[in-house]
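Number of protein chains: 2
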Amino acid sequence: MDVFEAINKRYSHKREFKDEPVPRETLKKIVQAGIQAPSGCNEQTTDFVIVDDPALIREIAAITERPFIKTAGAIIACIVNQRPVYRGLSFEVEDCSAAVENMLLSITALGYAAVWIEGNILVEGKPEKLNSLLKVPAPKYVRVLLPLGIPPEQGTQKEKKPFARRAWFNTYDG
Amino acid sequence: MDVFEAINKRYSHKREFKDEPVPRETLKKIVQAGIQAPSGCNEQTTDFVIVDDPALIREIAAITERPFIKTAGAIIACIVNQRPVYRGLSFEVEDCSAAVENMLLSITALGYAAVWIEGNILVEGKPEKLNSLLKVPAPKYVRVLLPLGIPPEQGTQKEKKPFARRAWFNTYDG
Numbered sequence: 005m006d007v008f009e010a011i012n013k014r015y016s017h018k019r020e021f022k023d024e025p026v027p028r029e030t031l032k033k034i035v036q037a038g039i040q041a042p043s044g045c046n047e048q049t050t051d052f053v054i055v056d057d058p059a060l061i062r063e064i065a066a067i068t069e070r071p072f073i074k075t076a077g078a079i080i081a082c083i084v085n086q087r088p089v090y091r092g093l094s095f096e097v098e099d100c101s102a103a104v105e106n107m108l109l110s111i112t113a114l115g116y117a118a119v120w121i122e123g124n125i126l127v128e129g130k131p132e133k134l135n136s137l138l139k140v141p142a143p144k145y146v147r148v149l150l151p152l153g154i155p156p157e158q159g160t161q162k163e164k165k166p167f168a169r170r171a172w173f174n175t176y177d178g
Numbered sequence: 005m006d007v008f009e010a011i012n013k014r015y016s017h018k019r020e021f022k023d024e025p026v027p028r029e030t031l032k033k034i035v036q037a038g039i040q041a042p043s044g045c046n047e048q049t050t051d052f053v054i055v056d057d058p059a060l061i062r063e064i065a066a067i068t069e070r071p072f073i074k075t076a077g078a079i080i081a082c083i084v085n086q087r088p089v090y091r092g093l094s095f096e097v098e099d100c101s102a103a104v105e106n107m108l109l110s111i112t113a114l115g116y117a118a119v120w121i122e123g124n125i126l127v128e129g130k131p132e133k134l135n136s137l138l139k140v141p142a143p144k145y146v147r148v149l150l151p152l153g154i155p156p157e158q159g160t161q162k163e164k165k166p167f168a169r170r171a172w173f174n175t176y177d178g
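Spelled out as structure tokens, the structure:
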């Protein structure tokens, strides 16, 4: 699928998925796209746990308290590693986000749908629960979950503000 | 260009560009791809200043102390707005990074090259200088610069660690 088509078609799927597994070769292709994302100083701080064990998927759904996640064919958990790489600055959020976006576009291109779950799992002791479940050693932690699967019907991207309200030439005008 | 081809071909161009302007229609298409990136709670916190005034490009190059930036056909400045949108959490870095990745893939697909500049402009009083130059009102600030142009020759993506060292099924094993 063309890059611009994927960018246009990507949307946040927050409903049930069809009851179909995602083949491991497909999951590897999606995560390889995440691996190839840029990272600060090419430090590649993001790791990935690809969850396709149905029991683990159900446990993750319970932690997130979002029942639709139970129906995902797989969940990609993105693990971050906060570590200064340039003048005391750490870019683990940037690294993870770029990897997530590569994966969301790849998921779209391959006919699947997903949703970026982040704030939900950063509160209320959920980081500890997810670290324990997926055996992630602290201080590394699961920053983002991408539940994915085949959507029952194609959703659409939420409306965005028009170009003129978000971009200008040469001088900020917001 | 196919999504996976763009993900494979994207690379960080840290050298001079050909002396060719980037048409405004092309710049708008690239920034529109950034606008359509996902954002926390669809709050769309990232704005964009598209710099194609040669005098401003030279001034930005001087601030970054990276002389090759003088040769860019344009620079896309990504403006962030730190603002809690979910349980006290702010996602302006995620929002900006997803937009940057959409734009880097679009830049690649259109035959241009660019580099993600971030740490360089977050230190040593540079945020204040860039805000002043582009008339960005604080507390908003320029988080990322994307100098872009036609590369004299096609570069290649830096090597990434193999899949087996970054990804595992169902249990973290790093």
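Chains as they are written, first to last, in our numbering: chain P, 5 to 178; chain V, 5 to 178. Cβ coordinates follow ideal geometry from the N, Cα and C atoms, glycine included.
- prompt: Among the residues of its own chain, which have a CB less than 6 angstroms from the CB of SER2 (chain V), if the five just before and after it don't count?
  reply: Any question about residue 2 (chain V) goes unanswered here, given that chain V covers just 5 to 178.
field: For LEU114 (chain P), the three-state DSSP class (helix, strand or coil)
entry: Reading the first sequence from its first residue, position 110 is the one you call residue 114 (chain P). Here LEU114 (chain P) sits in coil by DSSP.
message: Nearest by alpha-carbon distance to PRO88 (chain P): which of P:GLU96, P:ALA81 and P:ILE64 is it?
response: Position 84 of the first sequence holds residue 88 (chain P). Minimum Cα distance to PRO88 (chain P) is reached at P:GLU96.
- prompt: What residues are listed by DSSP as bridge partners for VAL146 (chain V)?
  reply: Position 142 of the second sequence, counting from 1, holds the residue named residue 146 (chain V). BP columns for VAL146 (chain V) point to V:ILE83.
- prompt: Under a CB-based cut-off of 7 angstroms, is ARG70 (chain P) close to chain V?
  reply: Translated into positions along the first sequence, residue 70 (chain P) becomes position 66. No, its Cβ sits nowhere closer than 7 angstroms to a Cβ of chain V.
field: Beta-carbon separation (whole angstroms), ARG147 (chain V) vs CYS100 (chain V), contact threshold 8 angstroms
entry: In the second sequence, residue 147 (chain V) corresponds to position 143, counting from 1. In the second sequence, residue 100 (chain V) corresponds to position 96, counting from 1. About 5 angstroms; that satisfies the 8 angstroms criterion.
- prompt: Taking just the CA atoms, how far does LEU137 (chain P) sit from PRO166 (chain P)?
  reply: On the first sequence, residue 166 (chain P) is found 162 positions in, with the first residue counted as 1. On the first sequence, residue 137 (chain P) is found 133 positions in, with the first residue counted as 1. Taking the straight line from one Cα to the other gives about 42 angstroms.
message: Please state the DSSP three-state secondary structure of GLY38 (chain V).
response: By 1-based counting over the second sequence, the position of residue 38 (chain V) is 34. GLY38 (chain V): helix per DSSP, three-state reduction.
query: Can you tell which of V:PHE21, V:LEU114, V:ARG28 and V:LYS13 has the C-alpha that lies nearest to the C-alpha of ARG70 (chain V)?
result: Reading the second sequence from its first residue, position 66 is the one you call residue 70 (chain V). For the residues V:PHE21, V:LEU114, V:ARG28 and V:LYS13, the minimum Cα distance to ARG70 (chain V) belongs to V:PHE21.
task: Step through the CB atoms of chain P and report whether any lies within less than 7 angstroms of the CB of ALA133 (chain V).
output: For the purposes of this step, residue 133 (chain V) is taken as residue 129 along the second sequence, with counting starting at 1. Inspection of the sequence shows that residue 133 (chain V) is occupied by Lys rather than by Ala. Output row for LYS133 (chain V): interface = no.
query: the ligand HEM heavy atoms versus the CB of SER16 (chain V): any closer than 6 angstroms?
result: As presented, the structure is devoid of all ligands, the ligand HEM included, so that no description of it is given.
task: For VAL127 (chain V), go through chain P and note every residue whose CB falls closer than 8 angstroms to its CB, in chain order.
output: Sequence index remark: in the second sequence, residue 127 (chain V) carries index 123 (1-based). What VAL127 (chain V) touches in chain P: ARG91 and LEU93.
field: Proximal residues, the stretch 150-161 of chain V versus chain P, C-beta separation under 7 angstroms
entry: GLN161
query: Excluding the five sequence neighbours on either side, which residues of its own chain have a C-beta within less than 8 angstroms of the C-beta of GLN40 (chain V), listed in chain order?
result: Within the second sequence, the letter at position 36 stands for residue 40 (chain V). Cβ within range, chain order: ASN106.
query: Is the CB of GLU96 (chain V) under 7 angstroms away from at least one CB in chain P?
result: Counting from 1 along the second sequence, the entry for residue 96 (chain V) is found at position 92. Not an interface residue.
query: From V:ASP23, V:GLU9 and V:ASN135, pick the residue whose C-alpha is nearest to that of LEU152 (chain V); which is it?
result: As a position in the second sequence, residue 152 (chain V) is number 148, starting the count at 1. Checking every option, the nearest Cα to that of LEU152 (chain V) belongs to V:ASP23.
message: Give me the DSSP bridge partner(s) of GLY153 (chain V).
response: Reading the second sequence from its first residue, position 149 is the one you call residue 153 (chain V). DSSP output for GLY153 (chain V) lists V:ALA117 as bridge partner(s).
message: Just checking: is the beta-carbon of SER101 (chain P) within a distance shorter than 7 angstroms of some beta-carbon in chain V?
response: Reading the first sequence from its first residue, position 97 is the one you call residue 101 (chain P). Chain V, which has a Cβ nearer than 7 angstroms to the Cβ of SER101 (chain P), makes this yes.
task: Mind listing the chain P neighbours of GLU122 (chain V)? Cutoff is C-beta to C-beta under 9 angstroms, in chain order.
output: Residue numbering aside, residue 122 (chain V) sits at position 118 when the second sequence is read from its first letter. Result: GLY44, TYR90, LEU93, PHE95 and GLU98.
Euclidean distance between Cα positions of ARG79 (chain V) and GLY123 (chain V): As a first step, residue 79 (chain V) is located in the second sequence; it is residue number 75 there, counting from the start. As a first step, residue 123 (chain V) is located in the second sequence; it is residue number 119 there, counting from the start. Here the sequence assigns Ile to residue 79 (chain V), which means Arg is not the residue at that position. Taking the straight line from one Cα to the other gives about 16 angstroms.
field: Of the listed residues V:THR50, V:TYR116 and V:GLY44, nearest to SER16 (chain V) (C-alpha basis)
entry: For the purposes of this step, residue 16 (chain V) is identified with residue 12 of the second sequence, where counting begins at 1. Ranking the options by Cα distance to SER16 (chain V), first place goes to V:TYR116.
- request: Find the residues of chain V that neighbour SER16 (chain P), judging by a C-beta separation of less than 9 angstroms, and give them in chain order.
  value: Taking the first sequence and counting its residues from 1, the one referred to as residue 16 (chain P) is at position 12. Simply PRO42 and ASN46.
- request: Could you name the residues of the stretch 161-172 of chain V whose beta carbon sits closer than 8 angstroms to any beta carbon of chain P, in the order they occur along the chain?
  value: GLN161, LYS162, LYS164, LYS165, PHE167, ARG170, ALA171 and TRP172
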